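The structure appears right after this line, and notes come after that.
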Amino acid sequence: MRLDEFSGINAGYVLELYERYRQNPQSVDAQTRRMFESWAPTDDMGATVEPHKTALDVQKIVGAANLAECIRRYGHLDARIDPLGSEPVGDPSLSPAAHGITDADLRALPASLVGGPAAESSANAFEAIEKLRRIYCSTTGFDYAQVFVPEEREWLRHAAESGRFLPPMDANSVEAVLDRITQVEVFERFLHRTFPGKTRFSIEGLDMLVPILDEMICGAAEHGARHAVLGMAHRGRLNVLAHVLDKSYGQILSEFKDPIAAKSLRTDLGWMGDVKYHAGARTAAPRGQMYITMPPNPSHLEAVDPVAVGMARAAGTDASRPGAARFDGSITLPILIHGDAAFPGQGIVAETLNLSRLPGYSTHGTIHIIANNQLGFTATPHDSYSTSYASGLARGFKIPIVHVNADDPVACLEAARLAWEYRARFGLDFLLDLVGYRRYGHNEGDEPTFTQPVMYKTIASHPTVRQRWARTLVDNGTISPELPDALVRKYFDELEAAYSALKPEQEASSPLSSIPAAGMAAKVATGVPLDRLRDINDALLARPAGFNFHRKLERGMERRRAAFAKPDERSIDWATAEELALATILADGIPVRMTGEDVERGTFSHRHAVFHDAETGTQLVPLQEFPQARASFEIHNSPLSENAAVGFEFGYNVQEPRRLVIWEAQYGDFINGAQVMLDQFVTSARAKWGQTPSLVFLLPHGYEGQGPEHSSARPERFLESAADINLRLVNCTTSAQYFHLLRRQAALLERDPLPLFVLTPKSLLRHPLVASTPRELEQGRFLSVIDDEEARGRSGGIDRVVLCSGKVYVDLVTSDRRGAARNVSICRVEQLYPFPRIALNEVLGRYPSVRDVVWLQEEPENMGAWQFMRPLLEELIADRCPLRYIGRARSSSPSEGSAAWHQANQRKLIEQAFDIGRVVSEPSMVLSKEV
Ligand SMILES: Cc1ncc(C[n+]2csc(CCOP(=O)(O)OP(=O)(O)O)c2C)c(N)n1
304 MRLDEFSGIN
314 AGYVLELYER
324 YRQNPQSVDA
334 QTRRMFESWA
344 PTDDMGATVE
354 PHKTALDVQK
364 IVGAANLAEC
374 IRRYGHLDAR
384 IDPLGSEPVG
394 DPSLSPAAHG
404 ITDADLRALP
414 ASLVGGPAAE
424 SSANAFEAIE
434 KLRRIYCSTT
444 GFDYAQVFVP
454 EEREWLRHAA
464 ESGRFLPPMD
474 ANSVEAVLDR
484 ITQVEVFERF
494 LHRTFPGKTR
504 FSIEGLDMLV
514 PILDEMICGA
524 AEHGARHAVL
534 GMAHRGRLNV
544 LAHVLDKSYG
554 QILSEFKDPI
564 AAKSLRTDLG
574 WMGDVKYHAG
584 ARTAAPRGQM
594 YITMPPNPSH
604 LEAVDPVAVG
614 MARAAGTDAS
624 RPGAARFDGS
634 ITLPILIHGD
644 AAFPGQGIVA
654 ETLNLSRLPG
664 YSTHGTIHII
674 ANNQLGFTAT
684 PHDSYSTSYA
694 SGLARGFKIP
704 IVHVNADDPV
714 ACLEAARLAW
724 EYRARFGLDF
734 LLDLVGYRRY
744 GHNEGDEPTF
754 TQPVMYKTIA
764 SHPTVRQRWA
774 RTLVDNGTIS
784 PELPDALVRK
794 YFDELEAAYS
804 ALKPEQEASS
814 PLSSIPAAGM
824 AAKVATGVPL
834 DRLRDINDAL
844 LARPAGFNFH
854 RKLERGMERR
864 RAAFAKPDER
874 SIDWATAEEL
884 ALATILADGI
894 PVRMTGEDVE
904 RGTFSHRHAV
914 FHDAETGTQL
924 VPLQEFPQAR
934 ASFEIHNSPL
944 SENAAVGFEF
954 GYNVQEPRRL
964 VIWEAQYGDF
974 INGAQVMLDQ
984 FVTSARAKWG
994 QTPSLVFLLP
1004 HGYEGQGPEH
1014 SSARPERFLE
1024 SAADINLRLV
1034 NCTTSAQYFH
1044 LLRRQAALLE
1054 RDPLPLFVLT
1064 PKSLLRHPLV
1074 ASTPRELEQG
1084 RFLSVIDDEE
1094 ARGRSGGIDR
1104 VVLCSGKVYV
1114 DLVTSDRRGA
1124 ARNVSICRVE
1134 QLYPFPRIAL
1144 NEVLGRYPSV
1154 RDVVWLQEEP
1164 ENMGAWQFMR
1174 PLLEELIADR
1184 CPLRYIGRAR
1194 SSSPSEGSAA
1204 WHQANQRKLI
1214 EQAFDIGRVV
1224 SEPSMVLSKE
1234 V
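Each number in the working numbering comes from the position in the sequence shown (counting from 1) with 303 added on.
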């Protein structure tokens, strides 16, 4: 047996064992003994190795093998990845002495001890170790020991050591790199000169980012990818927009001039626009066969990460066929470009990384690039992260990392090629830590030497990567000495020409979506014939042969089976209405994606969209099985995240707006974990970027004595940012209303898309008053206001109209005070926004003798819908009668912590609704006051 059949440390171990066997054959186990009886170790030249000579030889062999392993594992600590020349931290284990050996010892040992491609062409271990050093301790730091799957690690090791991914070095290729980085640099220099001091977040110092993106995108396109989604922040964004997304110089330059042309000031759809370095873009024509999209993003660093990943997931998902949606990661490529301070600092990065291997969220690998300029505004790495590198977080997700010096084009391109190949082969995330510097301050008007005087002294005299690469190519005779300057001139001329071609008031605004026709939502027919509903219901309840339903679910299923027996009985509870709505939407050919914490079963154990066989655990998803479906249905329990989870669905939704995308919060209040997504994307995307999201949010809401955190979804949060009809906020009280609402949303996806926030019930999920009749699903439609049918019959005797929304309505009508209060009409405002002015006006007009109109809510006065409703109601009521508020007093916390206290206040609230004429003056948690 040859020694090199054992690699690295194994060889040392085998020889040590052999030595033990020679000393005492009984000291090794029987199997090993049998092997050694017929074995004399030889080296790779076939000569016999004599391990028995001394124990010292074995130690040297082990030392050499360990040294090789340490270089592979820790070599990146000695790599020169900082273009500004800082000394690498190094590691003692990288020196032979640490392993009890010398260079002379290594020369005397066979190269095979080192193993891998480096050993193949080496005469001895010393030469092989030197090669390893050049690979692992040069301008690239390979950092992949955290990859635990041997096949992946072995592939990475071979990729690093074989040089297989080095870029071609023929004259054309190296000149093309020079050409590209000249274009990148000149763009910044031109802007610097033409618009001095104007913020552009220059790429300079990380110029190689653009050729790296070229390499990844072209490489992936050759392997069949058709859609790249680039999520990135401000740094280098304009350069990437110009050179990767093909945004024209004319458009960019006109945005810098920022003209106020009367015709560019749109007033429709709430259009406000955004600064140029937040703008998104999409290539107009495919590059190769690849479309490239960069979503717009807010200033909030890293917030765009899950959005871009969700877009990539949507782009790679075929939802056109019934059953589960089919995702093909090979046709889509998400690339996220992070900041070196933001990556470790922003929690959403960890949330996004955590999505990477989850079945409902995976993109078959996202490529991450840290645009590492070694500063975050003025903060140093010392201030910014506790990990060794900015990329440290990725290690926990078993993501291979390559740190690369941004001044070495060859190393950068090798890393880029390796990244997309790894992603294509294993379908997993990869991280490229591009280490450069920042030529100017945080922005171009900022003075960096206040805080980084020493670093900026170095930067001031540091040649650009273009200058360095040009010098290398001129010195080795690959290009003529005139070429670098000629390229610079060429690109300056191009920019000059674009600039002088600008019209004085060139249109700088992006095209906006068209304005939906007025009243679209009210016109949608959402009823479904009873026969069709009955058939679908039966199909959803079909029992596949051999499937064992959980005993406790059987009764509910029986009830559901009988739901259509009497069309005028209230047999449709909330969950049934939801399932029938989704099923009929699927039968209409609209795909549905639903996610959220524990949505498959439903937080309140009401949904059971996924059944688990009680014997085998096999899953059954009726909405993927029923024969009437014409599009896919997917439902996934999300990870325990709100921010990234909502961001992902937003991205999915804007990428594929013709699919109904629903996210459910465990309790409505948890959505504040996604506040950045709401403020920066969902509610303002149309005004800033012309996007038209239509994501649905289900937010359990209602005061039930569960304490401050599980009572309120904080409707005020949505009303605060409601303007120009940018969202719908609904708090509906019946299953039929919910059914029609979901169907309406699906029908409006293309015609009048808006985000929909639904405050959904908890205890009322199974309440008989919330249940609806099958007939209501057939004949009804969503009503923004529901008048009090009982009171209408005696409208002349009505003194008070109580307007309320959601669960408190049920508390009112089930109160024992209700029977006696025949002069009170209780009307439900089911849609809080858009404000249902016409419907409310009609309702109020029906009660001519009304003495006061009350807005009644469970929430404190500074929360809930009151502050939003008040001016609108005042305007509507005008001088008909006073407006009164009944609800909890102003409070910093949404509700009481004790159930008993809650009940007392809730009782008071209801009493006051029926207590006409009494104004409570004593200090109380509950107020009744005229306003
Ligand atoms: C969530 C958030 N917090 C703070 C800021 C303000 N801010 C803008 S850029 C920046 C520094 C970012 O540093 P880094 O991630 O290294 O990116 P760089 O600007 O250096 O490219 C800060 C703190 C922000 N934009 N977003």
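The beta carbon of each residue, even a glycine, is placed where N, CA and C say it ideally should be.
This one's a predicted model, so the numbers in the text were calculated from it and none came from an experiment.
Using the beta-carbon count (16 or more within 10 Å), is residue i buried or exposed?
i        : result
Glu-250  : Lying outside 304 to 1234, the shown extent of the chain, residue 250 is not represented and no answer is given.
Val-831  : buried
Trp-1204 : exposed
Asp-408  : buried
Phe-490  : buried
Lys-760  : exposed
Glu-1233 : exposed
Glu-1133 : buried
Met-472  : exposed
Arg-420  : Correcting the residue type first, residue 420 is Pro in the shown sequence and not Arg. Buried: at least 16 other Cβ atoms inside 10 Å.
Asn-542  : buried
Asn-1144 : exposed
Lys-855  : exposed
Thr-1117 : exposed
For residue i, which option in the options has the closest C-alpha, if you only look at C-alpha atoms?
i        : options                                 : result
Ala-709  : Ala-674, Thr-683 and Thr-690            : Ala-674
Ser-1038 : Leu-786, Gly-576, Glu-881 and Arg-774   : Glu-881
Pro-894  : Ala-606, Asp-631 and Arg-961            : Arg-961
Tyr-594  : Leu-926, Pro-930, Glu-605 and Gly-619   : Gly-619
Ala-828  : Arg-410, Asp-360, Phe-1085 and Ala-1123 : Phe-1085
Asp-1235 : Gly-642, Ala-615 and Pro-625            : Nothing can be reported for residue 1235, as the shown portion of the chain is limited to 304 through 1234.
Phe-953  : Asn-427, Pro-609 and Glu-900            : Pro-609
Arg-933  : Ala-627, Met-472 and Ala-912            : Ala-627
His-546  : Asp-561, Thr-497 and Glu-488            : Glu-488
Gly-1100 : Gln-1082, Thr-1076 and Arg-1149         : Arg-1149
His-911  : Phe-753, Val-924, Lys-1211 and Ala-917  : Val-924
Leu-696  : His-641, Ala-763 and Arg-792            : His-641
Gly-739  : Glu-507, Asn-600 and Gln-1209           : Glu-507
Thr-767  : Lys-501, Ala-414, Asp-510 and Ala-400   : Asp-510
Ala-644  : Val-331, Gly-679 and Trp-458            : Gly-679
His-530  : Ala-824, Arg-585 and Leu-1022           : Arg-585
Only counting the same chain, and skipping five residues up and downstream in sequence, which positions put a Cβ closer than 7 Å to that of residue i?
i       : result
Asn-946 : Ile-651, Glu-654, Gly-976, Ala-977, Val-979 and Met-980
Ala-462 : Phe-468 and Leu-721
His-355 : Note that His-355 scores 45 on pLDDT, short of 50, meaning its location in the model is unreliable; the coordinates nonetheless yield the value given after this. Same-chain partners within the cutoff: Glu-322 and Arg-325.
Asp-381 : Pro-391, Gly-393, Asp-394, Leu-397 and Cys-440
Asp-406 : Pro-399 and Phe-429
Gln-329 : none
Based on the DSSP secondary-structure assignment, which residues constitute the bridge partners of residue i?
i        : result
Ser-935  : Gly-626
Val-1033 : Val-1061 and Gln-1134
Lys-501  : Answer is none; Lys-501 lacks a bridge partner.
Gly-730  : None, per the DSSP bridge assignment.
Pro-637  : Val-532
Met-593  : Arg-590
Lys-1232 : Tyr-1188
Glu-967  : Gly-899 and Leu-1001
Thr-443  : Val-707
Leu-923  : Phe-914
Ser-1098 : Looking at the DSSP assignment, Ser-1098 forms no beta bridge with any residue, so it has no partner.
Using C-beta distances below 6 Å, list every residue in its chain close to residue i, excluding the 5 sequence neighbours before and after it, in chain order.
i       : result
Leu-656 : Phe-700
Arg-769 : Ile-484, Thr-485 and Glu-488
Ala-582 : Pro-599
Could you name the residues of the same chain whose beta carbon sits closer than 8 Å to that of residue i, not counting the 5 residues immediately before and after it, in chain order?
i        : result
Val-1146 : Val-1088, Asp-1090, Val-1104 and Cys-1130
Asp-1218 : Ser-1231
Leu-805  : Gly-553, Leu-556, Ser-557 and Lys-560
Pro-662  : His-939
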